[in-house]
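Per this note's numbering, numbering of the sequence shown is gapless, rising by one per residue and ending at 257.
No residue lacks a Cβ here, since even glycine has one placed at the ideal position from N, Cα and C.
Everything numeric in this text was worked out from a predicted model, so none of it was measured.
Note sheet for the following structure.
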Amino acid sequence: MIKVKNLEKKYFIGTPNELHVLNNINLQIEDGEFVALVGASGSGKSTFMNIVGALDTPTSGEYMLDNQSVHKMTQNELSDIRGKKIGFVFQSFNLIARSNSLKNVELPMLYTGVSGRERSRRARALLELVGMEDRMHHLPNELSGGQKQRVAIARSLANDPSIVLADEPTGALDTKTGKMVMDIFLQVHREKKKTIILITHSLELAEMTQRIITISDGSIVSDVPVFHSLRTEETRC
C-alpha cells in the first residue's frame, strides 16, 4: 500500500524564487489498484511519481510504502526498493541500444543477483506475456515504437515488483499503438495483480483504469473512481 500524508516538494527553499511543486498531497493507493494520474504539464505529476518511485525525496510530509517510512530510508535502502519493489516504464523506452530484447529484460535482474539461467527463463516468459516472444533477439532499432514499449513493460516486471510506475508510456506512440500498449497494462494488472500508477494526458486511456487522480498546480483537485471498462473486463475473466 502507498500512503502519502501532507506531502510537500519545494525547490530553491527560502529564496525569493522558491518553487512549490507539490502542496499538501494526501493520498492512499491500495495494493492491486490501477490508477491514472492526470494533469497539465508542470502540474507536479512527474515529481509525485519520482517520490513514489524513490527517485526523489519530499521536502516535508510522510511517504509510507507497505507501512515503511520511505522518506527516512538510507540510499542503500532506497536502491533496494527501486530494484525489487518498483518497476518503471518511461515514454522514451530507455532500452539499451546494443542489447537485444531478451538482454534488455534480463538487465534489472543482474543487479539483484539472479542467476543467468533464471534471468533467461524469466525474460522469455515476460516477453511472451507482452506478445514479443518472436522479437526477443531483435535490437531496439529493429523494433517499432509499440514493440519497444512492450519490451520496456516486460523489463519493468523482471524482478516481480509489486508496483509499476508508468510515466506517459504512450506519449511517443500513435493512438492505435497507444491503445495496444494500454491493453498490455490491463493484461498485466489482471493477470499479475500489480499496483499500476499511470501518468497520462489522455483522458480516454485514464478512463480505462480504476481511478483517476487529477493534479493541478501541485495539489490534488479530484480523485474519482471509474466504473466501466476495466471492471467490466475483470468481470468477464
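With H, G and I counted as helix, E and B as strand and the rest as coil, what does DSSP make of residue i?
i    : result
V150 : coil
A186 : strand
E227 : coil
F54  : strand
H221 : coil
E138 : helix
K123 : helix
N114 : coil
P36  : coil
D203 : helix
N179 : coil
I213 : It should be noted that the sequence gives Lys, not Ile, for residue 213. Reduced to three states, the DSSP call for K213 is coil.
T132 : coil
V171 : helix
Does the distance from the CB of residue i to the CB of residue j come in under 9 Å?
i    : j    : result
I240 : V72  : no
R175 : Q167 : no
I183 : I106 : yes
V109 : I101 : no
A74  : M129 : no
A143 : L159 : no
D237 : S63  : yes
Going along the chain, which residues of its own chain have a beta-carbon closer than 8 Å to the beta-carbon of residue i, five neighbours each way excluded?
i    : result
T252 : At T252 the pLDDT is 42, less than 50, meaning the model places this residue with poor confidence; the figure from the coordinates comes in the next sentence. So no residue of the chain qualifies.
N70  : D76
D243 : L47, R231, I232, I233 and T234
M21  : Q48, I49, E50, D51, M84, L85, D86 and N87
E38  : K30, Y31 and F32
N161 : A117
Out of the options, point me to the one whose CA is closest to residue i's CA.
i    : options                   : result
D194 : D187, Q207, G165 and V171 : G165
N124 : L147, T132, L185 and A56  : L147
T215 : L185, K92 and S222        : L185
G59  : E188, G198 and A192       : E188
K25  : F68, D180, A143 and S119  : F68
E227 : E138, P245 and D237       : P245
M152 : S66, N120, S63 and Q111   : N120
I219 : G34, F54 and H40          : F54
K65  : H221, F247 and T229       : H221
Within the same chain, show all residues whose beta-carbon is closer than 7 Å to that of residue i, passing over the 5 residues directly before and after it, in chain order.
i    : result
V150 : R170, I173, A174 and I204
E28  : L42, N43, N44, P78, T79, S80 and G81
Leaving out the 5 sequence neighbours to the left and right, which residues in its chain are closer than 6 Å to residue i when beta-carbon positions are compared?
i    : result
L225 : M202
G198 : T190
(request) Give, in chain order, every unbroken run of the beta strand (DSSP E) that is at least 3 residues long and sits entirely within the region 67-109. (result) 80-85
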